[in-house]
Amino acid sequence: MELNSCARENISAINFSSLCDTEVRKRAGENQCKKFDLDYLIQQIGPFGKFQRRIVFLICITNFFLVDYTTMFIFTAGEVNYRCRIPECEAENAAFSADFLNFTTPAVEGNFAKCKRFPKLSNISLEDQCQGEFFDKNHTEECSELIYQNDEKTIQNEWNLGCSEDWKLSLVGTVNGIGQVVCLPLVGYISDRYGRRTAFILSAFFAAFLGLLRSFSTNFTMFVILEFLDPALNSGMFNAGFLLGMELVGPSRRALVAFCLLVACTMGSVGLGVLVMFVKHWRLLLRIVYLPSFIFMTYYWFIPESIRWLYKKNRLVEASNVIISAAKTNSSQLTLKAQTMLKEASKNPSENDLNKIESVNKDTKESRLGLILKSKTLLIRIVNCSFYWAAMSFAYTGLNMNSVMIAGDKHVNFILNILIEIPANLICCWLMEKIGRRTILSLSQISCGLACIASIFLKEAPVSAQTTVFLIGKLGASVSYSIVSVYTSEIFPTTLRHTLVSICSILGRTGSTLAPFTLFLGKYMESMEMILFASMTIPAGIFILFAPETLNQPLPDTIQEAEDIGKIKKCRHLL
């Protein structure tokens with residue numbers, strides 16, 4: 113779901129970020145990168161041995177629960193059945209089902225209206241007024257009170273958010289999406305400055321504290337404030353955990369680790385779908401899902417800091433200790449060359465040298481950011497990639513939310529909607545290397561849009577047909593979600609790749625922020641949400657065909673190399 117975009121961004125950032133900045137080495141006079149070959153050392157300890165498998169397994173456990181934090185609002189702020197209370201026929205705490213609804217409440221599309229009722233004839237004064245002939249069936253009026261179906265408890269029936277107040281349910285999802293956007297620069301700073309493990313532990317604390325506190329909300333205002341703070345402060349838990357897992361394995365195993373971590377997210381969402389079948393109260397649901405975050409805080413003693421982060425910070429002694437521990441756990445015999453590297457690592461640069469390196473690195477990045485602003489090609493790519501990302505996240509998030517609204521059991525539909533991501537990830541990994549990023553991204557976006565259009569004409573079709581077409585659309589959205597961050601990473605230069613991908617992600621997440629309101633708009637115009645999804649994904653699928661293909665292209669290290677991607681002789685792509 114919204115949470116998986118951070119994961120794909122991390123995959124690309126890890127796969128394609130350079131380990132050593134050559135300009136830093138030249139200007140700071142350091143040769144640590146030559147002495148300490150991290151990729152070689154990881155190969156020596158084993159690219160995916162017992163040490164790494166244990167860590168990946170622990171992170172998979174967190175992902176199983178963590179993914180639910182970004183989709184929980186689908187059920188806590190879910191819509192329940194409700195109708196007008198008819199004072200002439202029932203008491204305040206009456207049951208939801210009643211025979212008198214046939215003559216007191218108008219029908220809308222085969223169901224009783226939720227917010228309208230037939231008015232009572234004004235000249236009736238009999239004591240027993242609950243009779244069909246006493247209601248004016250030629251006119252309707254707004255409900256003054258509502259009766260909710262109480263087989264499940266959400267914030268809607270607890271705080272009476274029906275009819276004119278139901279827009280607040282969509283607001284919850286939008287606030288959640290805004291919180292996720294706000295977290296990106298903050299968590300990135302903490303993770304890069306203080307370490308992946310530090311960011312992970314802090315995020316675990318905020319997740320446990322804010323999630324449980326939200327379950328004790330006394331009103332809607334308190335609930336929605338905590339709904340914003342929760343993803344804003346705990347989303348770093350996923351990012352940091354993903355980086356910890358990816359940065360401890362060799363290049364040949366990163367795809368496997370990424371697949372495992374994403375499948376753990378998928379299975380966590382499936383687990384949530386099963387859980388809500390049995391846990392019907394939103395407060396209890398929050399407590400069950402968020403309590404494990406307290407356990408994840410103990411990972412400080414079980415998961416080491418990222419070797420690559422320690423390496424980039426020139427904390428080579430600590431990195432060496434992690435490598436030695438990993439080699440021992442994996443029963444790996446280090447070569448003389450590896451042992452020499454670890455020994456040389458003990459001769460860390462002085463504090464002055466480290467300050468000098470950081471200063472040069474900062475100046476270098478600032479000067480290159482200025483060059484980015486002067487590059488018309490890269491500025492156009494930022495705009496276009498942000499549009500691809502917005503279209504993808506808009507459809508992906510919106511279809512996730514709409515999965516509980518289509519015909520059939522909403523829990524089963526939600527589970528099927530999530531399970532479709534497993535074949536989507538497999539298709540993505542296989543086809544990207546066969547037919548290229550651009551083609552599969554275009555096909556997935558267009559197929560998603562066409563499926564959304566087809567669903568508009570299947571309102572009267574069997575439930576199985578509606579569900580099948582819906583899942584085809586979700587498959588397309590999931591495939592494009594898997595590819596877009598990889599593609600954007602491959603068309604930007606190494607030195608600013610993570611920054612530019614983050615910019616595209618932040619701008620693109622306007623789609624996931626606006627997606628919750630498609631449910632609200634759908635109440636006023638039938639199939640409006642599907643029309644909106646198609647109007648975004650189909651143009652995005654067409655425009656991507658004018659972008660350069662990056663399959664088998666060398667990763668650009670400089671701005672000039674990035675601008676040259678897609679050029680064939682004198683021909684130039686639109687990007």
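Per the working numbering: the sequence shown ends with 687, consecutive numbering throughout.
Note that beta-carbon positions come from the ideal geometry of N, C-alpha and C, so glycine has one too.
- Annotation: the stretch 354–400 contains the following complete segments of the alpha helix (DSSP H) (minimum length 4 residues), in chain order: 366–390.
- Taking one beta carbon from each stretch, the stretch 332–339 and the stretch 294–303 have fewer than 3 pairs nearer than 8 Å; the two do not touch.
- Per the C-alpha coordinates, the member of K280, N525 and I558 positioned closest to A503 is I558.
- When Cβ pairs closer than 8 Å are counted between the two stretches, the stretch 176–191 is seen not to touch the stretch 421–437, the count staying below three.
- Comparing alpha carbon positions, the residue from M513, N537, I539 and L538 closest to I527 is M513.
- Listed in chain order, the non-local C-beta contacts of I173 below 7 Å within the same chain number zero, local neighbours out to five positions each way being set aside.
- Sequence-distant partners of L583 (beyond 5 residues in either direction) whose C-beta falls short of 8 Å from its own C-beta, in its chain, are L528, N529 and I532.
- When DSSP states are grouped into helix, strand and coil, V524 belongs to the helix group.
- Taking a contact as a CB-CB distance under 8 Å, the pair N288 and E339 counts as one, their CB atoms being some 6 Å apart.
- Within the same chain, A376, C377, M379, G380 and G383 come within 8 Å of F176 by CB-CB distance, once the 5 residues on both sides are set aside.
- One alpha carbon belongs to Q268, the other to E359, and they sit about 43 Å apart.
- For Y260, the enclosing beta strand (DSSP E) stretches over residues L258 to Y260.
- Counting only the Cα atoms, Q665 lies some 57 Å from K226.
- The C-beta of V596 has 16 or more other C-beta atoms within 10 Å across all chains shown, which makes the residue buried.
- Excluding sequence positions up to five before and after Y402, its CB lies within less than 7 Å of the CB of A319, A320, G323 and L324, all in the same chain and listed in chain order.
- For K586, the three-state secondary structure derived from DSSP is helix.
- DSSP places V598 within a helical segment (H, G or I) once states are collapsed to three.
- Under the DSSP assignment, C196 falls in the beta strand (DSSP E) whose first and last residues are Y194 to C196.
- Beta-bridge partners of K228 (DSSP): E254.
- DSSP lists K232 as the bridge partner or partners of F247.
- Under the three-state reduction of DSSP output, K265 falls in the strand class.
- Looking at the DSSP output, A219 sits in a beta bridge with F224.
- Unbroken beta strand (DSSP E) runs of no fewer than 3 residues, entirely contained in the stretch 280–342, are not found.
- In this chain, the alpha helix (DSSP H) harbouring Q156 covers L150 to I157.
- If the five residues before and after C497 are omitted, its C-beta is found closer than 7 Å to the C-beta atoms of T600 and C616, all from its own chain and listed in chain order.
- The residue from L258, F212, F187 and P231 with its alpha-carbon nearest to that of R197 is L258.
- Closest by C-alpha distance to I539, out of P668, S576 and S594, is S594.
- The stretch 434–451 and the stretch 344–358 do not touch, with fewer than 3 CB-CB distances between them shorter than 8 Å.
- Counting only runs that start and end inside the stretch 615–650, the alpha helix (DSSP H) elements of at least 4 residues fall at 622–626 and 629–634.
- Shown here for E417: same chain residues with a beta carbon closer than 6 Å to its own, the five before and five after excluded, namely G307 and R309 in chain order.
- In this structure, S515 sits away from K571, with a CB-CB distance that is not shorter than 9 Å.
- By the Cβ-count criterion, W421 is buried, with 16 or more other Cβ atoms from all chains shown falling within 10 Å of its own Cβ.
- Taking the Cα positions, T489 is about 13 Å away from T670.
- Residues F215 of the same chain have their beta carbon placed closer than 7 Å to that of G244, with the five preceding and five following residues left out of the count.
- For T410, no alpha helix (DSSP H) run applies, since DSSP gives it neither H nor E.
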